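As structure tokens, the structure follows; a few thoughts come after it.
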Amino acid sequence: MANCTFLHVQSCGAVYPNVAILLLIGIAAWGIGFGLISSFRVVGVAIAVGIFLFLIALVGLIGAVKHHQVLLFFYMIILLLVFIVQFSVSCACLALNKEQQSQLLEVGWNNTNSARTDIERNLNCCGFRVFDPNETCSSDCFRSRQCQPCAPIIEEYSGMVLRFVGGIGLFFSFTEILGVWLTYRYRNQKDPRANPSAFL
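Using the UniProt record's numbering, the first residue of the sequence shown is number 1, and each one after it goes up by one.
So, in structure tokens, the structure goes:
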């Protein structure tokens, strides 16, 4: 078997998660910048998760550079937990059928006013299943009183987004499990900078 090198641990354990972190923070900033998301709570959570993942990657990088067994152990455990969560969420995204998506969207629609306003404005629709001209709506089509309901549009987008997020999540979860395996291999190697006679 080939020896696990510092370069392998660094690339799989620190570089690939940083790509996911940059994507996560970049998409949140893009959504705010284009006015697609007005809820700062959603953006705050995305940025907090990105910072958390960045700190985990930093722990792995420092542990690999210093060949620090304890840091590498905790990095490996935390990365394994992140893998389990990310793999579960990715599988759930890919396993949702149309009926379950519709139920989840309706619950979300009824529970959040700010998201409802954003959706109506960005997708140019009013109401969830039925357009009611007596209700208020922030969409441009409301002035002409000829709006279509939002449910069919949202369901089309949500199906594409769930497949995309599930696929990307699965890809990055497998790079994380590769990082756990490489960290385990690297952690159990003897430090080349150590004095060999110190163990005698």
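Positions of the beta carbon are idealized from the N, C-alpha and C atoms, including for glycine.
Nothing here was measured: the structure is a model prediction, and the numbers come from that model.
From residue i to residue j, what distance separates their C-alpha atoms?
i, j, result
"Tyr184", "Phe172", "18 angstroms"
"Phe164", "Gln100", "17 angstroms"
"Gly166", "Trp109", "22 angstroms"
"Val180", "Ile154", "37 angstroms"
"Tyr75", "Ala151", "43 angstroms"
"residue 266", "Gly159", "With the chain covering 1 to 200 only, the question about residue 266 has no answer from this structure."
"Arg187", "Leu162", "36 angstroms"
"Ser114", "Leu53", "28 angstroms"
"Glu156", "Cys125", "14 angstroms"
"Gln189", "Gly63", "13 angstroms"
"Arg116", "Phe142", "14 angstroms"
"Val59", "Asn122", "40 angstroms"
"Cys4", "Leu178", "Residue placement at Cys4 is poorly supported in this model, since its pLDDT is 49, which falls under 50; the coordinates are not used for a value here."
"Asp118", "Leu61", "40 angstroms"
"Val85", "Asn111", "25 angstroms"
"Ser138", "Ser144", "12 angstroms"
"Ala57", "Glu106", "37 angstroms"
In three-state DSSP terms, what is residue i?
i, result
"Asn97", "coil"
"Gln103", "helix"
"Gln148", "coil"
"Ser139", "coil"
"residue 215", "Given that the chain is displayed from residue 1 to residue 200, the structure contains no residue 215 and the question cannot be resolved."
"Arg41", "helix"
"Gly127", "coil"
"Met1", "With a pLDDT of 41 at Met1, under the threshold of 50, the predicted position of this residue should be treated as unreliable, though the coordinate-derived value follows. Reduced to three states, the DSSP call for Met1 is coil."
Where do the N-terminal and C-terminal ends of the alpha helix (DSSP H) with residue i fall, by residue?
i, result
"Gly166", "Ala151 to Arg187"
"Asn134", "Run containing Asn134: none; DSSP gives neither H nor E here."
"Asn113", "Asn113 to Leu123"
For the putative contact between residue i and residue j, defined by C-beta atoms under 8 angstroms, what is the C-beta separation to the nearest angstrom?
i, j, result
"Gln148", "Phe131", "7 angstroms"
"Val70", "Gly169", "The Cβ separation is near 29 angstroms, so there is no contact."
"Glu176", "Leu79", "6 angstroms"
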